[in-house]
Amino acid sequence: MAETTPSASATGSVTTTATATTSTATSANPPTLTSLPSGGKKVVIDPVTRIEGHLRVTCVVENGKVTDAWNTATQFRGFEIFMKDRDPRSCWQFAQRICGVCPTPHAHASVLATEHAMGLKNVPDGARLFRNMSEAAHIGYDHILWFYLLNAFDYVNVPNGLKAKVPATQPALKALQDTVRRIVESGQLGPFAGHWWDHPGYKNPPEVDLELTAHYLRAIEVQQFANDASAFMGGRFPMVMNYQPGGMINQPTIEELQYYKGQMSRVTDFVDNVMLPDLLTIAPLYLDLATIGAGHKNYLSWGIFDDESQDPYNRVLPRGAIFGGDLTSVQKVDPMEDVKIFTKSSYYSDSSGEGKHPLDAGQDVKFTSYPDLKGDKLPDGKYDWTQSARLGKDNRPMEVGPLAEVLVAYASGRAEVKALVDSTLAAVGAAGKPEILMSDLGRIAGRVLRAKLNSDFAQKWADDFLGLVKAGKAEVYKEPPSPNDGEGAGGWNAPRGALAHYIRIKGGKTSAYAAVPPTNWNLSPRDDNGVRGPLEAALIGTPVVDPTKPLEILRVVHTFDP
Amino acid sequence: MPEEEMSVFLGVTRRDFLKFCGGMAALIGLGPGGTPQVAAALEALAKRPQVIYSSFQQCTGCAIQLLQTRTPTVANLILQQISLEFQDNVMAAAGDAAEAQFEKIVESGDFYWVIEGSIPTKIPEATTIAGENVADRAKRVYPKAKGVIAYGSCACYGNVQASRPNPTGAMGVGEFLRTKGGIPDAKVINISRCPGHSEDMIAALSYVLVTGKLPELDAVGRPVFLYGKTIHDSCMRRGHFEAGEFVETFGQAIAGDPRCLYKLGCKGPVTHAPCGINYWNGHVSWCVHNAPCQGCAEPGFWDKFTPFYEQLRTFGNFPAETIGIALGAATVVGLGAHAVASAATGRFGRHEDETKGGER
C-alpha cells in the first residue's frame, strides 16, 4: 500500500492492499455473546429517534457496562434493484432519494460515478467550484442540524432550564424560559414528552441548559440560511435539481453568488460564535466521553472539496485511510478496487466469505426474521438490512465521518486542519494529544471542527467563482462522452462520512448500480469473519447507569450521526 | 392569546401570526377577508390540536423539508399552532419511551396523523417500528385518527421505491388502506411532491381545523385548492413557451434567462402542483428557477417521466414531436394554448390513464 503523496495520479485508480494486520479478537471485538449471561440484561432501543431512517440497537449490559451490541436497520427499499435499466443521466435523481437528509452528496457521488464510467476525467473549473459551494452549504446545514436537533437533547436538559436564574438584562432568555414553563404546565409537551429528563447523566447547570435551548431554536433558523443558499442556486433543498454528468445544469448568476455569500456568512457567524463555543462549554462536563467509544480506530475518507487538479488525493480534506489509530501513516485507497460487501449477517443470500464487489451485490434479497425485541434471546445469524462494507485485502471495518476526515487530513499534514485541531486540543487541555479524538467526544468535536473548516472555505470558493465570471471563464458544463459501455465509481464524503456510488453501463443503460453510503461502514453488522461494525465495536464498554433508561447508549449511537 | 403574550412567544409577533393566518386564508381559498376567521379558529382552540408524525418507508427528506418551514416558524408551528406529540426526527425520547408516547396519543383518539413514507406490501418487514410493520400500524391506527395526511410522494403513491420493478411492493398509504388494508372508504389527504412541501401540508391541516371538513380532492387524492393547476400554468417562463423561445443547452445562466426549459425536458406541462406559487425554502427559489421540472408531484413519475432530460413525448393530446417541429414558429401559439387548456381541465392523453384507479 502506497503512502499518499501530493503527486498522486489524477485517475485515482491505484490498486492497494492493506498490509498491517489485526486479529479479529481485540478489545473492540471480543467473541460474540450467544446467550444472555446470568446477571446480564438485554437492552433494546427501537425506534432509535433523532436519526435518518429506521434503526434498532440491541445491547447486553453487565455490571453497568455494555458487553455486546448489534445494530439492525429496520428499513429496506432496493435502490440497487430499481436503478437497473435506467438512463445514466437520470441516475443521480434516483440516487439522491437514498437520503433526504444528505441528498446533495448522493447526487454528486452518483454524477462522479457516471462521469468515471463515461471516461470523463475533469469538469470545467466553474463546475468544480459550484459543486464545492453546494456541498459547503449542505454541510453547514447538516452539521448544525446534527449538533442541535439530533444530538443536543442527549446533553441539554430542557426542563432543567426552568431552574435557571435569568438576569433582568436578558429579556429574550426570560421570555424563552416562560415559554418552556407554559409548555410544561400545559401538559402538552410535544417533542419534549416522555423523555428520561431525570437521568443522572444530565450534568449542565440550569443556565447552560436554558442558553442551549435558545441556541437550539436559533439553529433551526440558521440551517435554513444554509439551505436557502444552495436552494437559490439549485432550485430547492432537499432534492437539488441542477447536477448533471459533465458539470452543472445552470451557471450561477452574480446575484445568486452574492446571495450565497450573504447566507453563508450568517452560517459562519453561528458556527464560530455559537456552535464552537457551545462545544467548548459542555465538553469539559463530559470528559469521560473522551476515554470511551474508540472502537476499531480504523478511519476512512474518500475526500471532499476538489482543488484545481480535481484529484481526489489532493482534495481539501483528502482521500486516505488510517489503520489502528496510527496517525503517522495514511494509506492510499480507491473505492473501485478496495471495497467488498459481506452479507452473512444481512437479509441477502450469504456472501461466499470472499465478499463481493459492490456492483455485484444487493440483488438477492432474502429476509428471514428480525431478532426478538423482548425476551432474553440475542441476535444471531441474519439480523440487519444493512450490508457490511469492508476495506482492503484484510477486509477492515472502517469508521467514516467528520472525525475520520479530520484525522486523515491531520495525518496528511493539511495545514489548516492541523492548526484548527491543535488549537482546539490546547483549548481543552490536551495539547499534543490528537489520539483523545478517537472517542465518543472526538466524534462530536470532529463534526464541529469540520463545520468550522467548511464555512471558512465557502466564501473563498464563491469569490473564486466571481473571479471566473470576471475572467469570462465561468463555464460549468461540458458535454460528456456517451459510451454504450463503461464502469465507474464516485467517491465523496457525505456529512456523515465516506460515500461511494458505482455504475455499470451496458448498451447505454445501467446494467448495475450500487451505493455504499456511510451506513454500510459505520452501522455495518458483523461481517463473514464475525468482526463487528464500528458502532457495534464502539458501544462495547459504554457505562449504563440505568438499563431502563439507556441514555448513554443513545449518545454513542448519535455520535455516528446514523 | 393576548397580544403582549403572543409577542414574546418564541419571538412570534401578532403581526407574524396574522401574516401566517392571511397566507393560510389565501391558500385554503377564503381570500384576504378570511384572515380573522383563520385567526379566530386557531385561537379558539384552548388545547392545541395534537399531531403525530410517523416515518414509514422513506428517506426523511419530507421531515427535513418541514424544518425549512418559514411561515409560521418551525418553533411556532410545532409548539404553538399545534402540539407535535410524536415526530421521530426531532423528539427527545427514544425506544420504549418514544413508543409509549405514541401509544398514549393514539389511545386518546384526539390527534391528526401525518405520515411520511410508503407501505411495503410484498416484503412487509421492509419497514418496521418497534417490531411492528408499518402496514399493520397503518391499519391499527387509522381508525383512531381524526384525520390522516399522506405527506410527500412516498406516502401518496410509493414514489421512488415503487418504481419498476418495485422490489418491496411499496404503495401509498391511502391506496394501501383502501385495497390491501381492508378499509375501502379510508380517506387520506395526499400532499404530493418529493419532498413534500410543508406549507401544502400545513394548509391542508389548517383547512380541516378551520372548516371542520375535508377539502375537495382531485382524482389522485390531492386538495384541488393546491394541486388544481399545472406547473406550466403558474410558470414565469410561460410567455416564452408561447413565443417559442427556449433554453436548449445545459450550462447556461438559467436564473437570469427567462426562456422556457421545455426542451431541456421540463415536465411542468403535465405536473400539477403549486410550486410556482409557494416556491421552496422560504420562497427564495423553485426548481424551474434553475433547472427543468422532473414532475415529482405526479404518481409514477420515475417511470413515466424518465429519461428526465428529454423533451416530453406527449403533451396534452398532441404528440410532442408535432410540437417539437412546430415550436418556434408563430403558428404554434394557438396549438400551445390549446394543449395547455387541455391540461388545465385534466383532459390528458397518456396522463389520464395513469391517474385512473380512484386515489380519492
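Top line first, the protein sequences correspond to chains A and B. If you count by my numbering, then the first sequence holds residues 927 to 1488, one letter each, in order. If you count by my numbering, then the second sequence holds residues 182 to 541, one letter each, in order. Beta carbons are placed, not taken as given, at the ideal position from N, Cα and C, and that holds for glycine.
Legend entry - Limits of the beta strand (DSSP E) - the one that Asp994 of chain A falls within: What you label residue 994 of chain A is simply residue 68 of the first sequence in a count that begins at 1. Going by DSSP, Asp994 of chain A is part of the beta strand (DSSP E) stretching over Lys991 to Ala999.
Legend entry - Neighbouring residues, chain A, relative to Cys243 of chain B (Cβ below 9 Å): By one-based count along the second sequence, residue 243 of chain B stands at place 62. The answer, in chain order, is Gly1026 and Pro1164.
Inset, instruction - Would you grab the beta carbon distance between Val969 of chain A and Ile1479 of chain A for me? Rounded to a whole angstrom, and I think it's under 8 Å. - result: In the first sequence, the residue the question calls residue 969 of chain A occupies position 43. In the first sequence, the residue the question calls residue 1479 of chain A occupies position 553. Contact between Val969 of chain A and Ile1479 of chain A is confirmed by a C-beta separation of about 7 Å, below the 8 Å threshold.
Inset, instruction - Within the same chain, show all residues whose beta-carbon is closer than 6 Å to that of Gly1250 of chain A, passing over the 5 residues directly before and after it, in chain order. - result: Translated into the one-based positions of the first sequence, residue 1250 of chain A becomes position 324. Exclusion of the five residues before and after Gly1250 of chain A leaves Lys1223 as the residues of its chain whose Cβ lies within less than 6 Å of its Cβ.
Legend entry - Option in B:Cys477, B:Ile233, B:Pro305 and B:Val469 with minimal Cα separation from Gln282 of chain B: The count along the second sequence starts at 1 and reaches residue 282 of chain B at position 101. For the residues B:Cys477, B:Ile233, B:Pro305 and B:Val469, the minimum Cα distance to Gln282 of chain B belongs to B:Ile233.
Inset, instruction - Indicate whether at least one CB of chain B lies closer than 9 Å to the CB of Leu1071 of chain A. - result: As a first step, residue 1071 of chain A must be located in the first sequence, where it is residue number 145. With 9 Å as the cut-off, Leu1071 of chain A counts as an interface residue toward chain B.
Inset, instruction - Using a Cβ-Cβ cut-off of less than 7 Å, list which residues of the segment 268 to 289 of chain B approach chain A; keep chain order. - result: So the close ones are Gln268, Asp269, Asn270, Val271, Met272, Ala273, Ala274, Ala275, Gly276, Ala278, Ala279, Ala281 and Gln282.
Inset, instruction - May I ask which residues mark the beginning and end of the alpha helix (DSSP H) holding Val1332 of chain A? - result: The residue given as residue 1332 of chain A occupies position 406 in the first sequence. Counting along the chain, Val1332 of chain A sits inside the alpha helix (DSSP H) bounded by residues Pro1328 to Ala1337.
Legend entry - Neighbouring residues, chain B, relative to Glu1478 of chain A (Cβ below 7 Å): Numbered from 1 along the first sequence, position 552 holds the residue referred to as residue 1478 of chain A. Chain B residues near Glu1478 of chain A: none, gap ~12 Å exceeds 7 Å.
Inset, instruction - Taking only beta-carbon positions, decide if Met1167 of chain A is within less than 9 Å of chain B. - result: As a working note, residue 1167 of chain A is residue 241 in the first sequence. Output row for Met1167 of chain A: interface = yes.
Legend entry - Cβ of Trp294 of chain B within 9 Å of any chain A Cβ: Taking the first residue of the second sequence as 1, we reach residue 294 of chain B at position 113. By the rule that beta-carbons nearer than 9 Å mark a contact, Trp294 of chain B does not touch chain A.
Inset, instruction - Verify the CB distance criterion: does Ala501 of chain B have a CB-CB separation below 9 Å to chain A? - result: For this step, residue 501 of chain B is matched to residue 320 along the second sequence. Since pLDDT at Ala501 of chain B reaches only 46, below the 50 mark, its modelled position is unreliable, and no value is offered.
Legend entry - Own chain residues within Cβ distance below 7 Å of Thr1312 of chain A, not counting five before or after: Taking the first residue of the first sequence as position 1, residue 1312 of chain A is located at position 386. Result list for Thr1312 of chain A: Ala999, Ser1272, Thr1445, Asn1446, Leu1449, Ser1450 and Pro1451, in chain order.
Legend entry - Within-9 Å CB hit, Phe431 of chain B to chain A: For the purposes of this step, residue 431 of chain B is identified with residue 250 of the second sequence, where counting begins at 1. At a cut-off of 9 Å between beta-carbon atoms, Phe431 of chain B makes contact with chain A.
Inset, instruction - Check whether the Cβ atoms of Cys441 of chain B and Phe431 of chain B lie closer than 9 Å to each other. - result: By 1-based counting over the second sequence, the position of residue 441 of chain B is 260. By 1-based counting over the second sequence, the position of residue 431 of chain B is 250. If you check the CB distance, Cys441 of chain B and Phe431 of chain B do not come in under 9 Å.
Inset, instruction - Check the Cβ-Cβ distances between Asp1310 of chain A and every residue of chain B, and say whether any is below 9 Å. - result: Here residue 1310 of chain A corresponds to residue number 384 of the first sequence, with the count starting at 1. Using a Cβ-Cβ cut-off of 9 Å, Asp1310 of chain A does not count as an interface residue toward chain B, since no Cβ of chain B sits closer than that to its own.
Inset, instruction - Inspect the CB distances between the segment 471 to 486 of chain B and the segment 449 to 458 of chain B and report whether three or more fall short of 8 Å. - result: Yes, since at least three Cβ pairs between the segment 471 to 486 of chain B and the segment 449 to 458 of chain B fall closer than 8 Å, the two stretches touch.
Inset, instruction - Please say whether Leu260 of chain B and Gly1113 of chain A have beta carbons closer to each other than 9 Å? - result: Position 187 of the first sequence, counted from the first residue, corresponds to residue 1113 of chain A. Position 79 of the second sequence, counted from the first residue, corresponds to residue 260 of chain B. With a cutoff of 9 Å on beta-carbon distance, Gly1113 of chain A and Leu260 of chain B are scored as not near each other.
Inset, instruction - Please work out which residues of its chain come closer than 6 Å, Cβ to Cβ, to Trp1122 of chain A, disregarding the five sequence neighbours upstream and downstream, and give them in chain order. - result: Numbered from its first residue, the first sequence carries residue 1122 of chain A at position 196. Taking Trp1122 of chain A as the centre and dropping the five residues before and after it, the same chain places the C-beta of Lys1475 and Leu1477 closer than 6 Å to its C-beta, in chain order.
Inset, instruction - Note down, in chain order, all residues in the segment 1020 to 1051 of chain A with a beta-carbon under 7 Å from any beta-carbon belonging to chain B. - result: Only those residues of the segment 1020 to 1051 of chain A whose C-beta falls short of 7 Å from the nearest C-beta of chain B are listed: Phe1020, Arg1023, Ile1024, Cys1025, Gly1026, Val1027 and Pro1029.
Inset, instruction - Check whether the Cβ atoms of Asn1083 of chain A and Leu1211 of chain A sit closer than 9 Å, and answer yes or no. - result: Taking the first residue of the first sequence as position 1, residue 1083 of chain A is located at position 157. Taking the first residue of the first sequence as position 1, residue 1211 of chain A is located at position 285. No, the pair does not count as a contact, with Cβ atoms beyond the cut-off.
Legend entry - Backbone secondary structure at Thr160 of chain B - three-state DSSP: Outside the shown range of chain B (182 to 541) lies residue 160 of chain B, about which nothing can therefore be said.
Inset, instruction - Report yes or no: is there a C-beta of chain A within less than 9 Å of the C-beta of Asn459 of chain B? - result: Numbered from 1 along the second sequence, position 278 holds the residue referred to as residue 459 of chain B. Cβ-Cβ to chain A under 9 Å: no for Asn459 of chain B.
Legend entry - Bounding residues of the alpha helix (DSSP H) (the contiguous stretch that carries Val1193 of chain A): Numbered from 1 along the first sequence, position 267 holds the residue referred to as residue 1193 of chain A. That run of the alpha helix (DSSP H) goes Ile1180 to Phe1196.
Inset, instruction - Can you give me the start and stop residues for the alpha helix (DSSP H) that Glu297 of chain B sits inside? - result: Counted from its first residue, the second sequence places residue 297 of chain B at position 116. Where Glu297 of chain B is concerned, there is no enclosing alpha helix (DSSP H), although the beta strand (DSSP E) it sits in stretches over Tyr293 to Glu297.
Inset, instruction - Please decide whether Gly1417 of chain A counts as near chain B, where near means a Cβ-Cβ distance under 9 Å. - result: Counting from 1 along the first sequence, the entry for residue 1417 of chain A is found at position 491. No Cβ of chain B is located within less than 9 Å of the beta carbon of Gly1417 of chain A.
Inset, instruction - Report yes or no: do three or more beta-carbon pairs, one from the segment 1179 to 1195 of chain A and one from the segment 1149 to 1160 of chain A, lie closer than 8 Å? - result: The segment 1179 to 1195 of chain A makes contact with the segment 1149 to 1160 of chain A: 3 or more CB pairs, one atom from each, lie closer than 8 Å.
Legend entry - Beta bridge counterpart(s) of Gly453 of chain B as assigned by DSSP: As a first step, residue 453 of chain B is located in the second sequence; it is residue number 272 there, counting from the start. Gly is not the amino acid found at residue 453 of chain B; the sequence shown has His there. Answer by DSSP bridge pairing, in chain order: B:Thr411.
Legend entry - DSSP three-state assignment for Leu1299 of chain A, whether helix, strand or coil: Position 373 of the first sequence holds residue 1299 of chain A. It is coil, neither helix nor strand.
Legend entry - Other residues of its chain near Asn1410 of chain A: CB distance less than 8 Å, five sequence neighbours each side excluded: For the purposes of this step, residue 1410 of chain A is identified with residue 484 of the first sequence, where counting begins at 1. Annotation for Asn1410 of chain A: Ile1431, Lys1432, Gly1433 and Gly1434 place their beta carbon closer than 8 Å to its own, counting only its chain and skipping 5 residues before and after.
Legend entry - Residues in the segment 410 to 427 of chain B having any Cβ partner in chain A nearer than 7 Å: Result list empty, no residue passes.
Legend entry - Between the CA atoms of Ala436 of chain B and Glu429 of chain B - distance to the nearest angstrom: Taking the second sequence and counting its residues from 1, the one referred to as residue 429 of chain B is at position 248. Taking the second sequence and counting its residues from 1, the one referred to as residue 436 of chain B is at position 255. Counting only the Cα atoms, Ala436 of chain B lies some 14 Å from Glu429 of chain B.
Inset, instruction - Check the Cβ of Asn462 of chain B against every Cβ in chain A and list those closer than 8 Å, keeping chain order. - result: Here the question's residue 462 of chain B lines up with position 281 in the second sequence. What Asn462 of chain B touches in chain A: Gln1150, Asn1153, Asp1154, Ala1157, Phe1158, Arg1162 and Phe1163.
Inset, instruction - Check whether the Cβ of Arg229 of chain B lies closer than 9 Å to any Cβ atom in chain A. - result: On the second sequence, position 48 is the one that residue 229 of chain B refers to. Closer than 9 Å to some Cβ of chain A, the Cβ of Arg229 of chain B qualifies, so yes.
Legend entry - N-terminal and C-terminal residue of the beta strand (DSSP E) that Ile330 of chain B is part of: Working through the second sequence from its first residue, we reach residue 330 of chain B at position 149. Counting along the chain, the beta strand (DSSP E) containing Ile330 of chain B begins and ends at Gly328 to Tyr332.
Legend entry - C-alpha gap between Asp1298 of chain A and Arg1241 of chain A, whole angstroms: For the purposes of this step, residue 1298 of chain A is taken as residue 372 along the first sequence, with counting starting at 1. For the purposes of this step, residue 1241 of chain A is taken as residue 315 along the first sequence, with counting starting at 1. If I take the Cα positions, the gap works out to 45 Å.
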